[in-house]
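Asker: Let me begin by handing over the structure; questions about it come next.
Residue numbers (this note's numbering), protein chains in the order written: chain A, 1 to 91; chain B, 1001 to 1130.
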């Protein structure tokens, strides 16, 4: 791996961390529960990208398996929150 | 050469994700926000995965990267649809400049299923889980 490519990857990681900070501000502000749910979803999606870039930096290919699993678990979390909101509304 | 392609695609994807995060912070309404992050973040992560597949240059990593893209492309719109529907039904307000509300007209044109559920709330709960 050449030197400039590593610098590009670290800049990409810094930008993704910055976007997670922005999303976290929305979690703190968020006026309703669904706002916080989709913010949590976006944090998970950003984490998948961070894991992929980190697997390039370290050269460990197995980290991509964690990205696959995370992309499935985030969907389950969103569905569970939607089910909870539906149930809360009915009662 | 492969590193140049990979770096360009990864930076484009990261910019998409950052734009999605700024949109989530700045846009005025829940429904506009969910539209912003569903499109922008999915395309951004897909671009990052394409960059990873280019860099490793192996068939196994390409399959893993495309598996992630496939799962995201399938699950992200479904999750956004379900959360948006649940949010509308639980009364999250629309933006004050919103003019078209076709879901409300659709609910009016249909015979209302909510009342029959309220009559027997215990039984019909498992029928419409989502």
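The beta-carbon is built from N, C-alpha and C at its ideal position, and this holds for glycine as well.
Going along chain A, which residues have a C-beta under 8 Å from residue 1056 of chain B?
Answerer: The contacting residues are 56, 61.
Asker: Name, going along the chain, the residues of the stretch 32-52 of chain A whose beta-carbon falls closer than 7 Å to a beta-carbon of chain B.
Answerer: The residues in question are 32, 34, 35, 37, 38, 39, 41, 42, 45, 46, 48, 49, 52.
Asker: Terminal residues of the continuous alpha helix (DSSP H) containing residue 14 of chain A?
Answerer: Start and end: 3-29.
Asker: Determine the direct distance from the alpha carbon of residue 1105 of chain B to that of residue 73 of chain A, and round the result to whole angstroms.
Answerer: Going by the C-alpha atoms only, they are around 35 Å apart.
Asker: So within the stretch 34-60 of chain A, which uninterrupted beta strand (DSSP E) runs reach at least 3 residues, ignoring any that extend past its ends?
Answerer: Complete beta strand (DSSP E) runs here, min 3: none at all.
Asker: Determine the direct distance from the alpha carbon of residue 8 of chain A to that of residue 1095 of chain B, and round the result to whole angstroms.
Answerer: If you take the alpha carbons of residue 1095 of chain B and residue 8 of chain A, they lie about 39 Å apart.
Asker: Go ahead and pull the three-state DSSP assignment for residue 74 of chain A.
Answerer: Note: residue 74 of chain A maps to helix in three-state DSSP.
Asker: When DSSP labels each residue in this structure, what does residue 1097 of chain B get in the three-state scheme?
Answerer: Coil, per DSSP.
Asker: Looking at chain B, which residues of the stretch 65-89 of chain A have a Cβ within less than 8 Å of any of its Cβ atoms?
Answerer: Cβ contacts with chain B: 65, 67, 68, 71, 72, 74, 75, 78, 79, 81, 82, 83, 85, 86, 87, 88, 89.
Asker: So with Cβ pairs under 8 Å, would you call residue 28 of chain A a contact of chain B?
Answerer: Not closer than 8 Å to any Cβ of chain B, the Cβ of residue 28 of chain A fails to qualify, so no.
Asker: Output, in chain order, the set of chain B residues within a Cβ distance shorter than 9 Å of residue 2 of chain A.
Answerer: Under the 9 Å cutoff, chain B gives 1003.
Asker: Show which residues of chain B have a CB atom less than 7 Å away from the CB atom of residue 19 of chain A.
Answerer: Per Cβ cutoff of 7 Å: 1017, 1018, 1021.
Asker: For residue 25 of chain A, return the contacting residues in chain B, with the cut-off set at a CB-CB distance below 8 Å.
Answerer: By Cβ distance, chain B contributes 1025.
Asker: As a quick exercise: from B:1109, B:1041, B:1110, B:1004, pick the residue whose alpha carbon is nearest that of residue 1054 of chain B.
Answerer: Among B:1109, B:1041, B:1110, B:1004, the Cα nearest to that of residue 1054 of chain B is on B:1004.
Asker: According to DSSP, simplified to helix, strand and coil, what is residue 1091 of chain B?
Answerer: It is coil, neither helix nor strand.
Asker: Using CA atoms only, rank isn't needed, just tell me which of A:22, A:36, A:45, A:59 is closest to residue 1073 of chain B.
Answerer: Answer by Cα proximity: A:45.
Asker: Exposed or buried, what is residue 1 of chain A when buried is set at 16 or more other beta-carbons lying within 10 Å of its beta-carbon?
Answerer: Classification of residue 1 of chain A: exposed, given that the 10 Å Cβ count is below 16.
Asker: Contact criterion: CB-CB distance below 8 Å. Does residue 1075 of chain B meet it with respect to chain A?
Answerer: Yes, because at least one Cβ of chain A sits closer than 8 Å to the Cβ of residue 1075 of chain B.
Asker: Expressed to the nearest angstrom, what Euclidean distance is found between the alpha-carbon atoms of residue 77 of chain A and residue 1099 of chain B?
Answerer: Looking at the two C-alpha atoms, the distance is approximately 32 Å.
Asker: Could you give the C-beta distance for residue 1037 of chain B and residue 42 of chain A, rounded to a whole number, given that I count them as a contact under 8 Å?
Answerer: Contact holds; Cβ gap of about 5 Å.
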